[in-house]
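See below for the structure under consideration.
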């Protein structure tokens with residue numbers, strides 16, 4: 034399972050998951066029952082919440098500034114990534130994290146302070162998947 038977390042550290046150019054950043058999207062995810070629909074510029078992907086391993090947030094040091102990332106990892110090693118560079122990050126992050134019952138106050142300051150530190154934070158773990 035921890036092999037999936039290795040992909041969290043990859044740069045945008047190396048990342049082989051599903052990039053959720055799309056300036057035209059207000060919602061990047063929606064939950065109905067046990068199913069989460071993820072929206073990207075490539076269309077929609079539906080996943081069962083039981084397939085989620087973890088949701089993590091962290092920062093990438095971009096030399097003069099930090100960029101917050103939120104990743105959702107699944108058992109099949111699919112990773113959905115929402116980078117802060119997306120046009121409406123806070124609204125998109127709120128929509129994504131709401132699917133997992135996560136409030137902004139629970140994670141934002143843990144991840145953003147102190148500056149220029151990764152601050153890798155597990156926001157949600159599926160205890161049934163051996164995380």
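In the working numbering, the protein residues as written are 34 to 164.
Glycine residues also receive a C-beta, built at the ideal position from the N, C-alpha and C atoms.
Check your understanding: Taking just the CA atoms, how far does residue 61 sit from residue 129?
Key -> Roughly 6 angstroms separates the two Cα atoms.
Review point. In angstroms, rounded to a whole number, what distance separates the CA positions of residue 140 and residue 122?
Key: If you take the alpha carbons of residue 140 and residue 122, they lie about 14 angstroms apart.
Check your understanding: Around the C-beta of residue 79, are 16 or more other C-beta atoms found within 10 angstroms, so that it is buried, or is it exposed?
Key -> Here residue 79 is exposed. Its C-beta has fewer than 16 other C-beta atoms within 10 Å.
Check your understanding: Less than 8 angstroms separating the beta-carbons of residue 90 and residue 103?
Key -> Yes, these two residues count as a Cβ contact at 8 angstroms.
Practice item. Using three-state DSSP, classify residue 56 as helix, strand or coil. Key: Confidence is the limiting factor: at residue 56 the pLDDT is only 45, short of 50, which leaves the residue's position unreliable and the question unanswerable from this model.
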